[in-house]
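First the structure, in the form of structure tokens, and then the observations on it.
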Amino acid sequence: MKIDLHTHSNASDGTDSPSELITNAIDAGINVLALTDHDTVAGWGEAEAALISHPEGAKLKLVLGSEISCQDRDGTSVHILGLLFDPNFEPLRQEMEKTRENRLTRMERIVARLNEAGIEITMAEVYAQKRDDATLGRPHLADALVARGHISNRDEAFTTYLHNGSKFYINHYSPSPMEAIRLIKAAGGVSIIAHPLASRSGRKVEPGIFAELIAAGLDGIEVHHRDNAEEEKSQLIEIAREHNLVVTGSSDYHGTGKMNRLAEFTTSLEEWERLEVRARERRVVSK
Ligand code: AMP
Ligand code: FE
Ligand code: FE
Ligand code: ZN
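Here my numbering runs 976 ahead of the position in the sequence shown, where the first position is 1.
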């Protein structure tokens, strides 16, 4: 069984369309795939239709979700994966919309800072890098900088201008992780903290945060992920055991936008089954 519970399409900052993602997942031999675009459900319809019409669609079960951008009290970025929730639950829908809208003015401000430093780029060039309804993110700005010839790939954009510690960096609005967890639960879904310690990508939540997340209703911890270092994985497995949380693994695939390959890390069948029954309704999509 190959179970990959965290992937992106071009409904946010991935490069595959939802249909291409479904095809690529089937080709990679994946049995259960979660689509988790940043702060949106815009890719759900296309992914579901692609699964149903794919000749080998019966091989794959589709888990619809989203990766909610959150911010800890000290400003640390925390990503909460929500799976199997009701997309029409208004409070969650509105929260995602608020974040998506704020990402637009935030991008204008980052672009203005780059321009002040003599790096020429326009909002129109950034928008040209994304699908109309996609959640706007720094990777689209990275792609625009590449298209202009300022740099050669997304990774270089992040190591030079776009990393969180950069003088060009600006936050966007986002809810607290506790609020996101409560909303996902109220919408009938399950929540998992994504790449929690992730020292490898420069993010690090303080371990003390787990108590609050668990009190808010956290269901799982994404342990098996390329950004978690080995010693962090053992630490996270301990926390999961202690609090009866589900341990997940995923690729965090972004198409050609990142090195991450589909199913490079996975979730065990046992853990997936424990997670799925925590959702209020059976919402997994199958052909
Ligand atoms: P944003 O949501 O606009 O704050 O941008 C964050 C996104 O940038 C994350 O979801 C990652 O997918 C992406 N990202 C971060 N670092 C890199 C990198 N080095 N190369 C490619 N994408 C990255
Ligand atoms: Fe991303
Ligand atoms: Fe993430
Ligand atoms: Zn992700």
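Just so it is clear, CB atoms sit at the ideal spot from N, CA and C, and this is done for glycine as well.
Exposed unless 16 or more other CB atoms sit within 10 angstroms - verdict on residue i
i     : result
Q1070 : exposed
V927  : Given that the chain is displayed from residue 977 to residue 1263, the structure contains no residue 927 and the question cannot be resolved.
M1235 : exposed
D1195 : buried
G1019 : buried
A1239 : buried
G1113 : buried
L1080 : exposed
V1253 : exposed
First and last residue of the uninterrupted beta strand (DSSP E) at residue i
i     : result
T1224 : V1222 to G1225
I1146 : Looking at the DSSP string, I1146 is not in any beta strand (DSSP E), and its letter there is neither H nor E.
E1043 : K1037 to Q1047
H1014 : V1008 to H1014
G1196 : G1196 to H1200
D980  : I979 to T983
V1054 : S1053 to L1059
S1167 : V1166 to I1169
Straight-line Cα distance separating residue j from residue i
i     : j     : result
R1107 : E1155 : 28 Å
P994  : A987  : 8 Å
R1085 : T1242 : 37 Å
V1222 : T1016 : 24 Å
E1257 : F1061 : 8 Å
S1152 : I1190 : 13 Å
S1262 : K1035 : 9 Å
A1192 : F1186 : 10 Å
H1055 : D989  : 14 Å
A1025 : G1041 : 16 Å
E1092 : K1143 : 12 Å
R1259 : D1048 : 30 Å
S1227 : A1205 : 15 Å
I1028 : K1074 : 32 Å
E1101 : H1116 : 9 Å
L1057 : D992  : 19 Å
V1122 : L981  : 30 Å
D1203 : A1088 : 31 Å
Y1137 : I1044 : 24 Å
I1146 : I1002 : 38 Å
M1099 : M1083 : 8 Å
G1184 : L997  : 36 Å
R1158 : G1125 : 43 Å
S1150 : I1168 : 17 Å
Y1229 : I979  : 13 Å
H1219 : S1128 : 44 Å
T1135 : R1237 : 21 Å
L1090 : H1148 : 17 Å
Residue i versus the options, residue with shortest Cα-Cα distance
i     : options                       : result
M1072 : R1089, V1223, L1189 and A1163 : A1163
E1077 : V1054, E1240 and T1111        : T1111
A1133 : I1044, H1030, A1205 and I1095 : I1095
G1051 : T1224, V1181, I1127 and T1232 : V1181
P1067 : Q1047, K1161, T1136 and S1210 : K1161
A1120 : D1131, T1135, A1104 and H1201 : A1104
E1214 : G1225, H1201 and I1197        : I1197
D1109 : L1090, G1021 and N1220        : G1021
A1170 : G1005, M977 and H1014         : H1014
Residue interval of the alpha helix (DSSP H) (run including residue i)
i     : result
V1181 : It is not in any alpha helix (DSSP H) - V1181 carries neither H nor E in the DSSP assignment.
T1135 : Unbroken run through T1135: none, as it is neither H nor E.
T1081 : E1066 to E1092
V1102 : M1099 to Y1103
I998  : P994 to D1003
S1029 : W1020 to S1029
I1160 : P1153 to A1162
D1109 : No alpha helix (DSSP H) holds D1109; DSSP gives it neither H nor E.
I1215 : E1206 to H1219
R1114 : R1114 to R1124
Residue i: CB within 8 Å of a non-hydrogen atom of ligand 6
i     : result
P1115 : Absent from the structure shown: ligand 6. Ligands present: ligand 1, ligand 2, ligand 3 and ligand 4.
Neighbouring residues (CB closer than 7 Å to any heavy atom of ligand 3): E1043, H1055, A1170, H1171 and D1228
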